[in-house]
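Count along the sequence shown starting at 1, add 472, and that's the number in our numbering.
To start, the structure itself, in structure tokens.
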Amino acid sequence: MNIRWPVFRLIVCLLLSAFPVLLSANAEMPRNIIFFIGDGMGLSQISAARIINGHLNLDQLPLTGIQTTYSNNELVTDSAAAGTALSTGYKTDNGVIALSPDGRPLKTLFEYAKEKNMSTGLVVTCSVTHATPAVFVAHTDSRKNQLTIARQIAEGDTDVILGGGLGYFLPHSNPNSYRYDELDLISFFNKQELNQKGAGQKKSGQKTTVVFNLQQFNNVGEVKRLVGLFARKHLPKVSQNRQPSLADMTRKALQILSGNPQGFVLMVEGSQIDWGGHQNDQAYMLSELVDFDKAIAVALEFSKTHPDTLILVTADHETGGYAIHNGSIKEQKVTDSAFTTRHHTATMVPVFATGTGSEAFSGIMDNTDIGKTLIEFVNRASAIPEK
Ligand SMILES: [Zn+2]
């Protein structure tokens with residue numbers, strides 16, 4: 473039994489390095505950033521998943537810190553405001569997608585990465601228009617504006633998008649559509665000149681492959697850009713045989729994105745850990761966390777052959793006020809536990825990091841520090857003009 477408990481490492485980290493996040497002038501810059509967000513994944517959730525699973529791949533990430541998650545207007549954040557802090561380095565109000573509280577667009581990590589000719593990718597188990605993925609690729613005053621978010625995604629330049637949400641991209645006349653207009657956003661992925669901001673940046677001659685099911689996904693060969701929308705809204709639970717799996721989608725994304733010598737930023741979300749928490753459904757929550765952890769193993773494997781890669785794992789907030797009261801390490805079970813709420817909580821959440829640049833993420837941080845540091849990494853990358 474591995475006894476490197478996250479909580480133990482956390483205490484050691486707190487004792488040794490309670491410094492604010494600062495990047496020294498000679499800090500090593502990662503070429504690739506793989507950013508894992510376990511939605512609603514607090515320390516108790518990780519502890520319980522580790523008990524029932526015996527270990528986690530997360531154990532292999534040696535550097536641990538913690539982050540505060542409060543939003544601009546609430547102590548208890550939602551995923552939109554927390555995600556905006558992580559993707560832009562700035563706090564905003566709950567519900568807002570990458571805009572300041574007074575409505576100004578906040579430039580996202582993905583937008584900074586594109587300026588350096590890096591590739592970008594999103595892999596999630598919810599609709600790709602949901603709050604956490606949206607904060608990287610869209611700007612709007614409410615997370616509920618999913619039709620707007622879908623349009624911004626389709627007009628944008630993200631290289632890999634894998635998850636659910638097909639209904640937001642289909643024209644109204646399609647029976648599976650959620651749209652009120654006849655926009656066929658799927659066709660937008662290959663348009664070059666849609667508006668000044670989005671499609672203008674699309675790389676000419678790089679066709680986007682769009683797939684809708686596991687078979688098409690498995691048949692994807694050498695491509696530069698890939699969109700996979702595998703459900704009308706969200707993907708099924710992992711317990712309902714979710715296909716493709718989060719790990720498979722992460723592997724495919726890494727294959728495609730690593731073709732860019734300028735590097736890439738990939739965000740992978742364990743979207744449904746949060747929903748298990750909201751439903752106070754421990755089995756749902758922990759099975760999603762263990763599944764999320766399998767995607768982390770894919771990234772760790774990738775980093776063996778790509779050592780200039782930063783892997784960062786954190787949550788946007790904790791969900792459920794979950795606590796473990798009793799159980800057994802030996803029998804790998806949690807016998808007594810409780811949720812104190814069906815909503816999010818304000819407790820700090822852990823941050824795990826490994827690889828180039830990981831030293832920047834120890835001690836107590838604010839969620840905005842994480843966004844700012846990642847953006848600084850990308851900004852310091854030297855852009856080589858593309859041929
Ligand atoms: Zn939630």
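Glycine is no exception: its CB is placed at the ideal position from the N, C-alpha and C atoms.
Being a predicted model, the structure only gives us computed values, none of them experimental.
In angstroms with no decimal places, state the Cα-to-Cα distance between residue i and residue j.
| i | j | result |
| --- | --- | --- |
| SER730 | LYS616 | 33 Å |
| GLU583 | ASP629 | 9 Å |
| LEU622 | GLY635 | Going by the sequence as given, residue 622 is Ala instead of Leu. About 13 Å. |
| THR604 | PHE508 | 11 Å |
| GLN618 | SER800 | 43 Å |
| GLY526 | VAL806 | 12 Å |
| ARG697 | GLN727 | 11 Å |
| ASN851 | PRO502 | 11 Å |
| ASP631 | GLY793 | 36 Å |
| CYS887 | SER743 | Missing from the structure shown is residue 887; the chain here goes from 473 to 859 and no further. |
| LEU578 | SER614 | 14 Å |
| ILE796 | ALA725 | 35 Å |
| VAL600 | SER830 | 27 Å |
| GLY575 | SER591 | 27 Å |
| LEU782 | HIS644 | 41 Å |
| ALA520 | LEU530 | 13 Å |
| TRP747 | LEU558 | 20 Å |
| ALA553 | ALA787 | 13 Å |
| GLY637 | LEU657 | 12 Å |
| GLY555 | LYS802 | 37 Å |
| SER717 | ASP763 | 8 Å |
| ILE506 | PHE774 | 10 Å |
| THR819 | ALA769 | 27 Å |
| ALA771 | LEU761 | 16 Å |
| THR681 | VAL695 | 7 Å |
| THR536 | SER834 | 6 Å |
Could you pull the start and end residues of the beta strand (DSSP E) that residue i belongs to?
| i | result |
| --- | --- |
| ASP780 | Looking at the DSSP string, ASP780 is not in any beta strand (DSSP E), and its letter there is neither H nor E. |
| THR680 | 680 to 683 |
| GLY636 | 632 to 636 |
| GLY835 | 835 to 838 |
| ARG623 | That residue, ARG623, is in no beta strand (DSSP E); its alpha helix (DSSP H) goes 618 to 627. |
| LEU701 | 697 to 701 |
Helix, strand or coil for residue i per DSSP?
| i | result |
| --- | --- |
| SER830 | helix |
| ASP808 | strand |
| THR819 | coil |
| GLU654 | coil |
| PRO613 | Note that residue 613 corresponds to Asp in the displayed sequence, not to Pro. ASP613: coil per DSSP, three-state reduction. |
| ARG522 | helix |
| GLY510 | strand |
| VAL692 | coil |
| PRO825 | The amino acid at residue 825 is misidentified as Pro; the sequence shows Ala. Note: ALA825 maps to strand in three-state DSSP. |
| GLY790 | The sequence given here has Glu at residue 790, not Gly. Three-state result, GLU790: strand. |
| LEU784 | strand |
| ASN504 | strand |
| PRO642 | Contrary to the premise, residue 642 reads as Leu rather than Pro in this sequence. LEU642 falls in the coil class under three-state DSSP. |
| GLU760 | helix |
| GLU773 | helix |
| ALA499 | coil |
| SER649 | coil |
| ARG814 | coil |
| ASN851 | helix |
| PHE661 | coil |
| LYS766 | helix |
| LEU707 | coil |
| LYS844 | helix |
Ends of the alpha helix (DSSP H) at residue i?
| i | result |
| --- | --- |
| GLU583 | 581 to 587 |
| ALA606 | 603 to 609 |
| SER800 | Run containing SER800: none in the alpha helix (DSSP H); it sits in the beta strand (DSSP E), 795 to 800. |
Would you please state the rounded distance, in angstroms, between the beta carbons of residue i and residue j? I believe it to be under 8 Å.
| i | j | result |
| --- | --- | --- |
| HIS778 | ASN504 | 6 Å |
| ASN648 | ARG704 | 5 Å |
| ALA610 | ILE625 | 6 Å |
| GLU500 | THR828 | 5 Å |
| PRO822 | ILE523 | Contact doesn't hold; Cβ gap of about 16 Å is too wide. |
| ASN752 | PHE689 | With 8 Å as the limit, ASN752 and PHE689 do not qualify as a contact, their Cβ atoms being about 33 Å apart. |
| GLY512 | THR791 | 3 Å |
Under 8 Å from any heavy atom of ligand 3, does the C-beta of residue i make it?
| i | result |
| --- | --- |
| THR791 | With respect to ligand 3, the structure shown offers nothing to examine, as its ligands consist of ligand 1. |
Report the residue ranges of all beta strand (DSSP E) runs contained in full by the region 529 to 599; include only those spanning at least 3 residues, in chain order.
-> For the region 529 to 599, whole beta strand (DSSP E) runs of length 3 or above, ordered along the chain, are 535 to 540, 591 to 599.
What runs of the alpha helix (DSSP H), each 4 residues or longer, lie entirely inside the region 713 to 758?
-> As far as the region 713 to 758 is concerned, its whole alpha helix (DSSP H) runs of at least 4 residues are 718 to 729, 745 to 750.
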